Amino acid sequence: MNKLTKLFITFISAITLMLSSMSSSFAKVDGEYIVLGAAISLTGKYSSNGVHTQNGYNLAVDRINKMGGVEVQGKKYKFEIIYYDDESNPKRAAQLAERLINQDGVKYMLGPYSSGLTKAIAPVTEKYKIPMVEANGASRSLFTKGYKYLFAVLSPANQYLEVAIDLAVEKNGGKPVKIAQAFEQDAFSQDVRLGILDAAKRTGSEIIIDDKLPKELNDMAATLAKVKATKPDVLVVSGHTKGALTAIRQIAEMKVDVPMLAMTHCDAAKLSKQHGKKSEYALCASQWHKNLSYKDKFFGTGKKYDKDFKKEFGYAPPYQSAESSAALLVFKDAFERANSFDGDKVRDALKTTEMQTFYGNIKFGPGGQNTAKPMILFQVRCKGDTCENKVVAPTKWASDKFYHPIPKWSERS
Amino acid sequence: MDFLIFKAPILMVQASLDGILLGILFALIAYGMALQWGVMNIINIAQGDLVILGGYIAYTMYLAGIHPAWGVIVSPIIMFFVGWALYKLVINKVVDRDLFISILATFGIAIIFQQLMNFIFGADVVVAQSEYGTTMLFDNSVTLPNSKIFSAVVSILYAIALVIYMKKSRLGRAIRATAQNARAAKILGVDTEKVYAATFGINAALCGIAGALIAITLTLHPYVGLPYTVRSFMIVIVAGLGNLPAVAISGMGLGLFEEFADYILGTEFRIGAVFMLLVFILVYRRFKLSKKREYLK
């Protein structure tokens, strides 16, 4: 290679580099597009919920773009999302966040799926002062770190089952109850546990079994035998989908009689479908249910959202999708109120968000968590062999009465 | 800590039965591992993933409307060929190599299997319903899921069948001969290549049976294979290679130990207790061996 060619190559690469850095500095708003970045688990152990999240984002982007887009300084913009697959791996998620920000020049981020991955990304977005609206990280520790650019549309994890304890006390005539609980040893489940501890303290209830389930959990026979021997008023289980499925299977097999059973992840586990009648009367915490009467102008009601989502993706939307869609409504609202693409202005606008979406009311607390939306509880109820989730609490949204106590196994057909 | 188990002695019966039934299932997986470890000197990290794949075969049958218990017959047949193919594709290239190479190779296989299962069956946790009901003992205070009894009985039957096969059949004798001395067996006309492939196939078939049983007693998920690998590894280390009664006893012992650790130390120490036991056993064995060596000097 002679000198001239070398020089030429250097020159070309210098120009390419310059161009690429230029394009990235404008990538936050590319022509008529506002570009958002998201690392999502499309493969790996969170891939099913990752896909629910992505579908939720995509549905909202389509809808907002079709209905006129986002109006900033009198000009209409459309949303566009750059996705990367984080392989359900926190390290990879953090790398991808860096890449989205540094290479793709993304100035606004959407959250990944799960608390763990959100925890990995939040320090990165915070470092670069990139506002992130996330919809799938509920762990309380996300909101106690003093993050200024993190906003979550969902209720924090410690609120998941607090209501259930209140409900148990109410059913006990206002007297304290005996609680048995089993939680997986991960950030999310332990946060749910903290919520129960608070509720127990508040109501003067006693925790008689407090098991921590291992991550490799596939058998909780020992915990259930203890429950059988001690007869608590309420049994609380949280260990993701695996915990929910294992608990129902073994409660039915071991014929454990408890007046009340409260869990998380019932709908993600498709409990009523996989276990049918065995799962009847289980009380489940959920961020959202289609029967709630919240409304917005993009998706209408929850029922309408349910219908549109089914039409688009061929399955009923789990709450993971609904909250993901809501994240984009929040961004749109914030951009329009900020009337600017300046990161800090958008952040300030996000901070003062106060709106209703089909998913629920959204207003961010000091830590970035949504303080305006209560958790709901539904109960699995069966007619013949088909089982459905019926909202039973809070009373304002309840479509059915809470069935209590759970009939004994000897009385169940 | 209140030691509930001592206040309510009936829980001991429950814990013992749960532990033994679970232990028998572990022993079956461990025996497969011991067999191919003994014969081929390969530690198969993908053992647990073969188990889960076997489980998914039973689950697929369940989805198709066939009772998942038939999985204990169909799954080992399919898995035998999976194991055979795996040997021909990968294992035969590492069989005479360093132990480290085979660990790496099977580790790679484990990852590929996990991702493939995730791709084909999805990342959701699934269960297959056997609807076998429950046996109640001692005035309903001890419950035994019939599915667990079924799984223990099937495991025992297969184990007995395997022992007889290894003792009586031509291939069984060839496998045992190869395990004792591969070179001598080769000289005497044993096709060791075929023996290796068959051993790996039999191991995969055992995993298939265990997987089908896990589908109806516990839960399936593409990424839960590793705990089964670890448990069987532990059982084999305690029991030694090629000794079925010892594997069975150490499997049941492990199951019992786990259950009692759960009651006495708490659920959070269940796995920890198992690892502590492993460390203790390894140290103890070393101690005994060193004594023997001194004697030899």
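Order-wise, the sequence lines are chains L and Y. Sequence positions in the first sequence follow this note's numbering and run 1 to 413. Sequence positions in the second sequence follow this note's numbering and run 1001 to 1297. Each residue gets a CB set at the ideal place from its N, CA and C atoms; glycine is no exception. No experiment lies behind these values; they were computed from the predicted model shown.
| Asked | Found |
| --- | --- |
| Against chain Y, with Cβ distances strictly below 8 Å, would residue 202 of chain L count as a contact? | no |
| By DSSP's criteria, residue 211 of chain L is part of a beta bridge. Which residues make up the other side? | L:182 |
| Let's see if you can read the secondary structure: which residues bound the beta strand (DSSP E) around residue 108 of chain L? | 108-110 |
| Alpha carbon to alpha carbon, how far is residue 255 of chain L from residue 248 of chain L? | 10 Å |
| Just the C-alpha distance for residue 1102 of chain Y and residue 320 of chain L, rounded to the nearest angstrom, thanks. | 41 Å |
| Quick check on the DSSP output: the alpha helix (DSSP H) that includes residue 343 of chain L runs from which residue to which? | 343-351 |
| Name the residues in the stretch 208-236 of chain L whose C-beta lies less than 8 Å from a C-beta of chain Y; which are they? | 211, 212, 213, 214, 216, 218, 219, 220, 221, 222, 223, 225, 226, 228, 229, 230 |
| Any heavy atom of the ligand GTP closer than 7 Å to the beta-carbon of residue 256 of chain L? | Looking at this structure, you won't find the ligand GTP or any other ligand, since it has none at all. |
| Excluding the 5 residues flanking residue 397 of chain L on each side, which residues of the same chain have their C-beta closer than 8 Å to its C-beta? | 289, 291, 292, 293, 376, 391 |
| For residue 160 of chain L, I'd like the list of residues in its chain whose CB is within less than 7 Å of its CB, leaving aside the five on either flank, ordered along the chain. | 192, 195, 264, 285, 375 |
| Would you mind giving the Cβ-Cβ distance between residue 1142 of chain Y and residue 1014 of chain Y, rounded to the nearest angstrom? I have them listed as a contact below 8 Å. | 5 Å |
| Answer with yes or no whether the minimum CB distance from residue 84 of chain L to chain Y is below 8 Å. | no |
| Let me see if you follow: with CB-CB separation under 8 Å, is residue 1043 of chain Y close to chain L or not? | no |
| Give the interface partners of residue 48 of chain L over in chain Y, defined as CB-CB distance under 7 Å, in chain order. | 1122, 1123, 1124 |
| Locate the alpha helix (DSSP H) running through residue 1207 of chain Y, then write down its first and last residues. | 1192-1217 |
| Starting from residue 1112 of chain Y, find everything on chain L with Cβ-Cβ shorter than 9 Å and list it in chain order. | What residue 1112 of chain Y touches in chain L: nothing, since even the nearest Cβ is about 13 Å away. |
| Which residues, taken in chain order from the stretch 1211-1226 of chain Y, show a beta carbon closer than 7 Å to some beta carbon of chain L? | 1218, 1219, 1221, 1223, 1224 |
| Would a check of beta-carbon distances place residue 263 of chain L closer than 8 Å to chain Y? | no |
| Check each candidate in L:144, L:370, L:44 and name the one with the smallest Cα separation from residue 1112 of chain Y. | L:44 |
| Along the stretch 1007-1028 of chain Y, what residues have a CB closer than 7 Å to any CB found in chain L? | 1008, 1011, 1014, 1015, 1018, 1022 |
| How would you list, in chain order, the residues of chain L whose beta-carbon sits under 9 Å from the beta-carbon of residue 1271 of chain Y? | 214, 215, 216 |
| Is the Cβ of residue 1060 of chain Y closer than 8 Å to any Cβ of chain L? | no |
| Looking at the strands, I want to know which residues DSSP matches up with residue 162 of chain L. | Answer by DSSP bridge pairing: none, since residue 162 of chain L is not bridged. |
| Given 8 Å as the limit, is there contact between the stretch 1222-1233 of chain Y and the stretch 1113-1121 of chain Y, that is, 3 or more CB pairs closer than that? | yes |
| Should residue 1228 of chain Y go down as buried or exposed, given a rule of 16 or more other Cβ atoms within 10 Å for buried? | buried |
| Any beta-carbon of chain Y closer than 8 Å to the one on residue 322 of chain L? | no |
| Among the candidates L:50, L:181, L:257, L:203, whose CA atom is the shortest distance from the CA of residue 243 of chain L? | L:181 |
| Please classify residue 1292 of chain Y: is it buried, with 16 or more other beta-carbons within 10 angstroms of its beta-carbon, or exposed? | exposed |
| Is it the case that the Cβ atoms of residue 1147 of chain Y and residue 1217 of chain Y are separated by a distance below 8 Å? | yes |
| Under 8 Å by Cβ, that's how I've got residue 1252 of chain Y and residue 1030 of chain Y pegged, so tell me the actual separation to the nearest angstrom. | Not really, about 11 Å apart at Cβ, beyond 8 Å. |
| Going by DSSP, what residues sit across from residue 300 of chain L in a beta bridge? | L:296 |
| I'd like to check one pair, residue 368 of chain L with residue 500 of chain L: are the Cβ atoms closer than 8 Å? | Outside the modelled stretch of chain L, which goes from 1 to 413, sits residue 500 of chain L, for which no answer is possible. |
| For residue 25 of chain L, would you say it is in contact with chain Y, using Cβ-to-Cβ distances shorter than 8 Å as the test? | Because the pLDDT of residue 25 of chain L is 44, which lies under 50, any placement of that residue in the model is unreliable, and the number read from its coordinates should be weighed accordingly. No, its Cβ sits nowhere closer than 8 Å to a Cβ of chain Y. |
| Looking at the strands, I want to know which residues DSSP matches up with residue 35 of chain L. | L:80 |
| Let me check one thing: in DSSP terms, what residues is residue 364 of chain L bridge-paired to? | L:370 |
| Which whole-angstrom value is the C-beta distance of residue 139 of chain L and residue 155 of chain L, which I expect to be below 8 Å? | No, residue 139 of chain L and residue 155 of chain L are not in contact; Cβ-Cβ is about 12 Å, not under 8 Å. |
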